[in-house]
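Written below as structure tokens is the structure these notes are about.
In the working numbering, the protein residues as written are 17 to 127.
See below:
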């Protein structure tokens, strides 16, 4: 969903287009772009009044380490290994960034 900043940026672009049409003596097109720019300014104001500040920007995507070749596949969803001991599936400790180290795993199970 576009935020207040997105609406303001779009309004600025549309206002620039309106100015370009105005300089080319294309008054009807300048009016259309000016009206659209005004609409985006009103949307930005209304959104800010109703919702307040924009949501925080999305988190950066996680950078995957190189695939180790030992687990099921290079995609994050396939970076699992099976255990001989209990026939369970576990995140690959070599290349899955969400895998717990043995020390972390013992803390989770003991809590």
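Every residue gets a Cβ at the ideal spot worked out from N, C-alpha and C, and that includes glycine.
Predicted, not measured: the structure shown is a model, and the values here were computed from it.
- CA-to-CA distance, residue 27 to residue 57, given in whole angstroms: 6 Å
- Item | Environment of residue 80 [buried if 16+ CB atoms lie within 10 Å] | exposed
- May I have the straight-line CA-CA distance separating residue 116 from residue 94, to the nearest angstrom? 16 Å
- My understanding is that residue 83 touches residue 90, with C-beta atoms under 8 Å, so please give their C-beta distance in whole angstroms. 4 Å
- Query: With 16 as the cutoff for other CB atoms within 10 Å, does residue 23 come out buried or exposed?
  - Reply: buried
- Task: Can you say whether residue 30 is buried or exposed, counting buried as having 16 or more other CB atoms within 10 angstroms of its CB?
- Result: buried
- Which of helix, strand or coil does DSSP assign to residue 105? strand
- Query: Is residue 53 helix, strand or coil when you go by DSSP?
  - Reply: helix
- Task: Rounded to whole angstroms, what's the CA-CA distance from residue 101 to residue 67? Just pull it up for me.
- Result: 53 Å
- Task: For the beta strand (DSSP E) holding residue 98, just list the boundary residues, first then last.
- Result: 96-98
- Item | residue 60, buried or exposed, once every other Cβ within 10 Å from all chains shown has been counted against 16 | buried
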